[in-house]
Amino acid sequence: MKRNIFLYSILSIFVFFNYSCKKSLNLAPKGSATTATYYKTEADAKAAVTGAYSNLANPLYRDEIIVTINIVGADDGIPFLTGNAERVSLWRYNFTTTNAFTSGNPWSNSYIGIQRCNVAILRIPSIEMDVALRTRYVAEAKFIRALHYFNLVRLFGGVPTVTTETTSLDDVNVKRNTIDEVYTQIESDLKDAESVLPKNYSSSADIGRATSGAAKSLLAKAYLTRAGNNAASPFWAQAAAKAKEVIDLGAGYDLWANYKDVFSKVNKGGKESVFEIAFSTDLNNGNNFATGYAPRGSPIVPGTGSGILRVSKSLFDQFQDIDQRKVITFLTTYLNPANGQAVSLSITDTDPAKAVSFWKLADSTAKVSGQAGKDFPYLRYSDVLLMYAEALNESASGPNVEAYAALNRVRLRAGISPVSGLNQQQFRNSVLTERRREFCFEGHRWFDLVRTGRLQAAVNAETSFGRAPTIQAFHSLFPIPQREIDANSSLVQNSGY
Amino acid sequence: MKKIAHFLLMDSAWRKKTLLIMKISFVLLLLGLQVSAHSFSQDKITLHFKKGSLIQVFKAIERQSIYRFFYSDDVVMADKPIAIMVKDAEINDVMAKIIQGSTLNWKQVDKNIIVFSDENDNQSKKAIISGLVKSQSGEILSGVTITEKGTNNITTSDNKGQFRLSVTGEQGVLVFTYIGYTSFEEKFSAGTGVLEITLTAFARSLEDVVVIGYGTSKKKDLTGSVASIKGADIKATPVVALDRAMQGRVAGVQVTTNSARPGGESTIRIRGTGSVNAGNEPLYVIDGYPTGNLNSINPGDIASIEILKDASATAIYGSRGSNGVVLVTTQRGTAGQSNINFDSYVGNQSLLRKIPLLNAREYAEFINEARVNGGGVPYFDGSTADKPLPSSLGTGTDWQDEVFRRAPMQNYQLSFSGGEQKTRYAISGGYFDQQGIIQNSYFKRFTVRANLDREVSARLKIGLSMQGAYTRSNSARTETEGGASSGVTTAAINYAPTFKMYNPGGTYYREQGPLNGNLVDNPIGLAKEITDQFLTTRLLSNVFADFTITKGLTFRTSWGADLYNTKSNFYVTRLIGLGAGSGGRASIGSSTNVNWLNENTLTYSRTFSEKHSLNALLGYTTQAYDNESVTANAASFNDDFASFNNLGAGASLQAPASASSSWSLISYLARINYGYDSRYLFTLTARRDGSSRFGPNNKYGFFPSGAFAWRISNEKFMHPVKSLSDLKLRISYGVAGNQEIGDYRFYSTIQNPSYALGGVSNSIGGVPSGIGNEDLKWEKNQQFDIGIDAGFFDNRLQLTADYYIKTTTDLLFSVNVPQTTGYSTALRNIGKVENKGWELSLNSENIRNKNFSWSSSFNIAFNTNKVLTLDGRPSFTAGDGIGHLQVSNTVLLAVGQALGNFYGRVVNGIFQNQGEIDKSAQKTAKPGDIWYKDLNNDGVINDNDRQVIGNGYPKFFGGFNNTFNYKGFELNVFIQGSYGNDILNYLRFDLYNLNGNNNQSKDVLNRWTINNPSTTIPRANSAGGQRILSTFHIEDGSYLRVKMISFGYNFSGELLRKIALKKARLYVSAQNLFTITNYKGYDPEVSRFGTTSVSQGMDYGGYPSSKTIMAGVNLNF
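Protein sequences, first through last, are from chains H and E. Sequence positions in the first sequence follow the numbering used here and run 2 to 498. Sequence positions in the second sequence follow the numbering used here and run 1266 to 2382.
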């Protein structure tokens, strides 16, 4: 009997544990929600949109990707030659389909951003919350999605336009859409965004969110890009009209009197800012524009400067000494804090420690390497003015008064003399040169050269430091990453690669 | 009931008479117990026999009680019908009645009743023989049975090894028997005084008990492939950690040190690599507790390590068995022997190999040449003090000499073990301190262990295994990316010999100019200015109770917990670049890990009709694990005073982080071992595991296996083959699993990236982290094994050979998905990998004399690996790269090929002249440049000109151990090696880049110049240095190494006894004394990327290996 009791008690222990432990196999993460439990509240909706904003900062606009392409891939700067080999091969135009700068990074990070936007656009409408806010969040996500597709279509041409959330591996082998189809998607998103988004945000915590002005400006730029170098394109007129809408929007846009105020940390989201990528100092949301671009080994930034890029002589020579943008844009001398001695930098010395460097967006208050806090100006009001001037010049077969006014407003603020009496071609060149001076380091140059059909000539003209570029016509589109071609048999590589 | 079969071959004339004695002594020894006449009171016996045979009566008692009877033929012959009627009687009373009036006598040993004939007992005793028994190694042997041949005169040696026996004859023979030792006969006569007897241990006894999952088995009864390493072997050649103890000792177990840093870990592969993305490390089971963290285990506490290799052995561990199982058993107390052991060694470590580099003058000449060839002007032109002419330079700074040092290591262990029949104990305390050969690095371990066993009653046994450990280490900065984030090793190799160590003010000389193109930091600063501590505390304890329900049926329950806490402390000062960028940077982290385990098993063990033996096991176990961790960082300190101790003093506080995760596992297990006539052995096992790690559609997995063994040597037809002492054929097939992918992987979780909305605020986002997969399940590993075990010449020569085919299916694979999905990979069960190979191990006692013996063990294993399917792609490149080198995806994974294939260009040589260039696909090259083969003949050299250029896994590997004993001297020589593995030596991208960014290998003196048409080293060229993986960077990683030589002396005799020592051994040993290899890095035994299966055989900036000379002592009181 005693034996039986023992056996029964063993048995009951078995049964008890069996029951209680079955449940314990269903463990869910304690530190994070899952897609099944998330997207239920207003806070979730807000976070979904914040998540979409966040990958604009890191990694896309933090330093390496868009800025690098537009400087090294064009004619504005020279990479540290014994540094990152892929950056050097972009500069020399002998890159392959596995290059991280031309292919891997922009492709993957844009689609990460697009997926985040898709999730927000599709999930937020079913969340019970304030309707106006809900609509605005969706519109913000559409703006960001359009921004990504605009980068993709300019870098790679017709890319797959994915507008659904990926929840399984079925149907992931998408085909490429045409360039027109991508622009149709961009236009559709931006038109939705411009009709919903506010002109301004009243709360300072919302500074940095997309506005209707941002959507319109981006749309203007999309039209301008689509017009290409085709004088007969109807998109010139659309670009001019959209830029005019921004100018007349009444959102308070204006130029700062001094060029340096544009990039001042206290003027974040200020009157000249149409849309900017937000960074903050010292926390986890900083950028690398100080340490990364300071002269190599220079002790003026947290750590010492990496000297990723140096300024090309052809860019440097575009600036007259009276141009107030010159001292803001470049570092030509610095005081060594250790001994108080001035170190003067050179545009030609091969020593990267003595190279003139990009300094426009360097945050001198940063204490931690790679955590500097100046915002990245994605769209500025001066850009709207120059787009307007350019589009008018093209659509009206020559500069009119408004076109001169817009261009000269930018020139006068910089402290250089206004232009007048130019024919259409001269005005076209003048606008493009002004854009190079006004926006260098802001991620426009390569795009401007490609859309105006001038890339090959510009690259071949900038040959300092033994560049010897092997650029050809097909290089105006970058190769789709090889890993992507490998993973998706439906994708066709751009010609030439 | 057991009738004792003959267990020793004896002279048949005296066999009958001595048989009984021998049998009894054998039983006594087997149990290692003292004779006790006291009975246990639990069993009351009721018998009703009017006329029963003795054997019937014994059987009746066995049925009612826990007692078992042992008796000899004499007893059966004396068998007369007896009458006995008792009710609820004690065993003492029952036995008294049974032997009443007969010549029989009985003794009780534990639960065993031994019945023997008493008739010889009355012979007169003539003389007393006394003496001492010890082992060949000088160890005192207590409990040795000494019998006078031909009589039942018997005694045992006491715990000083001494014995006294009254003998019956004027002269005769004494027989000494002891478990694990060859029996020994010594003649005596009246004049014989004090004898000193030395017994020789069996080579490897088939009676040895080996630990298998959830139980034990005699070696001869094994049906699976199980290898065993004894604690004595581990002690003979001290190792710093448990995983090293397996290196070269067991066929098919490959041990590669990932990092030679103190406290560094190893990659262990049992029978090849089965998984691509999931873990490939074996499951470690410490005293029955499946867990990990080997660094906190004191190797000195280990009694044995068993390695389960085939599916028959591992399937009992189900979802965790596919990579093999390592069972670690720590020492437990034995009754009757009180031992106090003190073990200690001290050693001195020094750099195994220094990489020859250019000195300052050679370097300056090289730089000048590179500048000129690159279209520039000489740098060292004598124009300024910074740029002296090369001829004025000496050897400069030897950075390797500056950062490496000789470093001491020491180990102390004090242990106590012993007990009496019912209570046994083994407790120990240990301290281990290894200083590293890079300044400022160390590993220290403090351990205590207590193992207790108690027989509460004849039915109930309880026990405890407990260990506490505290480890503390400081790591040098090694195994990092190169360039600006270089560690000590890479910096020491890159930093120019023309640089000075310190500035005039005493700060580190930190040159960031063109002579330091890789931007490495001052190596001394990297060694001295970084604090990187890792502290662990651990309590691993497990209690069990064994309850005998009825004869042969035992219930065992065990409850345990593994509490493991870690703390990390990091600080880098502002004196080097790493800290200067943030004004000093501090980080602390802590994690709490709780792992608990409950196991319940029922075991039934019985022999029927003598020929059928059955052992059955049923079990139910649950295990769960919780982890909580937190880290905090701060930067921008006013000074470096507080180090990591005051994060609040940092002006820039970084966002803190915390995390938590859990897993749980519920398992049902069963095993049946059936043996027929000790000839045919069958094993069936099955385990059903439920794991929290897998998707709701596949929570449970089932893992069966079966095995058959045929002991051919027990067949009658084999008996004439006298030289063959054992022959067994084993065949097994089964399925085991792998679940090592981390927790919650089937969920699509929300991650929280942040953004600076509003200019300053940290806005937190919420985005999906991946594509969920509710079908996620086990990786399945099917293994077929066929093996033989053979013993020759009384098992002096033993051979084990195995052939296996292991197929892993449903690989837990990170499938590459189009990034248009927003993700790069998704975890799926897809792909198939096959490993097959064979293993051979030989153990031999080559010479066994009274004074001299020589024994050898040798093992070798061959494995070939083949990918059968991948995620739908025929091939793709993968593999970890080194950031600053911009070299990645160096490994080709292709269907039909092996894992670990390096993929790159093929060097055809060095261009010697323009004619060769014109013929080649590199029209712009110059003489002296590397000439690549245009593999696809398209006239262009690019990524399409790549092929497999090496493989990181060996073709075969093995070990060879020799032990020589001469009187008290002992010499152990252990050789170990690996053949056919290549190493992708990333360091060559620095040391042979010839572009003047950094210092170069001494081989660069032989670089190509017009006057030195080198065919191996290209020309110096400051505009060159393309980082393209080719055969230029692949080296042969084969090596043969004298891993350990140890020479010791075992003291014996009066002197020891006078100072109360039973045994004393002094030894000196040398580790890694000598290595034959063509490899040019620090050490061919390296794995830069740890245990990852794709990126094996790569080397960059690791902690260099050392050789160690040590002296040690083992004292036994």
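A virtual CB, placed ideally from N, CA and C, is assigned to each residue, including glycine. It should be emphasised that the depicted structure is a prediction, and the values quoted were computed from it without experimental measurement.
Residues of chain H with a Cβ closer than 7 Å to the Cβ of residue 1889/E are, in chain order, 25. Residue environment: residue 336/H is assigned as exposed (fewer than 16 neighbouring CB atoms within 10 Å of its CB, all protein chains considered). For residue 2213/E, the three-state secondary structure derived from DSSP is strand. Per DSSP, reduced to three states, the secondary structure at residue 2106/E is strand.
Residue-level contact by beta carbon fails for residue 2120/E and chain H, as no gap is shorter than 8 Å.
If you look at residue 1462/E, you'll find it in the beta strand (DSSP E) that goes 1459 to 1464. Per DSSP, the continuous beta strand (DSSP E) segment holding residue 2002/E begins and ends at 1989 to 2003. For residue 2014/E, the C-beta contacts it makes with chain H under 8 Å involve 30, 33, 34, 35, 36, in order along the chain. Runs of the beta strand (DSSP E) lying entirely within the segment 1501 to 1525 of chain E and spanning at least 3 residues, in chain order: 1518 to 1522.
Within the same chain, and ignoring the five residues on either side of residue 420/H in sequence, the residues whose Cβ sits closer than 6 Å to its Cβ are 431. Under DSSP, no beta-bridge partner is assigned to residue 1558/E. Out of 1369/E, 2004/E, 1498/E, 1483/E, the CA that lies nearest to the CA of residue 2235/E is found in 1498/E.
If you keep only unbroken alpha helix (DSSP H) runs of at least 4 residues inside the segment 2156 to 2182 of chain E, you get nothing at all.
Among the CB atoms of chain E, one or more fall inside 8 Å of the CB of residue 175/H.
In this structure, the beta-carbon distance from residue 1776/E to residue 1841/E does not fall below 8 Å. Uninterrupted beta strand (DSSP E) stretches at least 3 residues long and entirely within the segment 1772 to 1841 of chain E occur at 1795 to 1815, 1818 to 1837, given in chain order.
Of the candidates 1584/E, 1591/E, 1554/E, 1502/E, 1502/E places its Cα closest to the Cα of residue 1612/E.
At a cut-off of 8 Å between beta carbons, residue 209/H contacts chain E. Rounded to the nearest whole angstrom, the C-alpha separation of residue 1678/E and residue 1443/E is 28 Å. The beta carbons of residue 392/H and residue 241/H sit closer together than 8 Å. Within the segment 2205 to 2223 of chain E, the residues whose Cβ lies closer than 8 Å to any Cβ of chain H are, in chain order, 2207, 2208. Around residue 1796/E, the same chain offers 1739, 1834, 1835, 1836, 1908, 1909 as residues with beta carbons nearer than 7 Å, after the five sequence neighbours per side are excluded. Of the candidates 2361/E, 1982/E, 1353/E, 1353/E places its Cα closest to the Cα of residue 1329/E. With the criterion set as a beta carbon lying under 7 Å from some beta carbon of chain E, the members of the segment 191 to 208 of chain H are 205, 206, 207, 208, in sequence order. In this structure, residue 2055/E lies near residue 1991/E, with their beta-carbon atoms less than 8 Å apart.
Under the Cβ criterion of 8 Å, residue 2188/E is not counted among the residues facing chain H. Listed by position along chain E, the residues whose Cβ is nearer than 8 Å to that of residue 145/H form an empty set, because the closest Cβ is around 11 Å away. Of all C-beta pairs linking the segment 1553 to 1567 of chain E to the segment 1958 to 1977 of chain E, fewer than three are shorter than 8 Å, placing the two stretches out of contact. In this structure, residue 417/H lies away from residue 318/H, with their beta-carbon atoms at least 8 Å apart.
Between residue 157/H and residue 495/H, the beta carbon gap of about 7 Å places them in contact (Cβ cut-off 8 Å).
Relative to the Cα of residue 2043/E, the nearest Cα in the group 1969/E, 2001/E, 1457/E, 1564/E belongs to 2001/E. Residues of the segment 77 to 92 of chain H that bring their beta carbon within less than 7 Å of a beta carbon in chain E comprise 83, 85, 86, 87, in sequence order. By the neighbour-count definition (other C-beta atoms within 10 Å, threshold 16), residue 2320/E is an exposed residue. Taking the beta carbon of residue 429/H as reference, no residue of chain E falls within 9 Å; the closest one sits roughly 36 Å away. Taken through DSSP and simplified to helix, strand or coil, residue 1731/E comes out as strand.
Interface annotation, residue 58/H: in contact with chain E, CB-CB separation under 8 Å.
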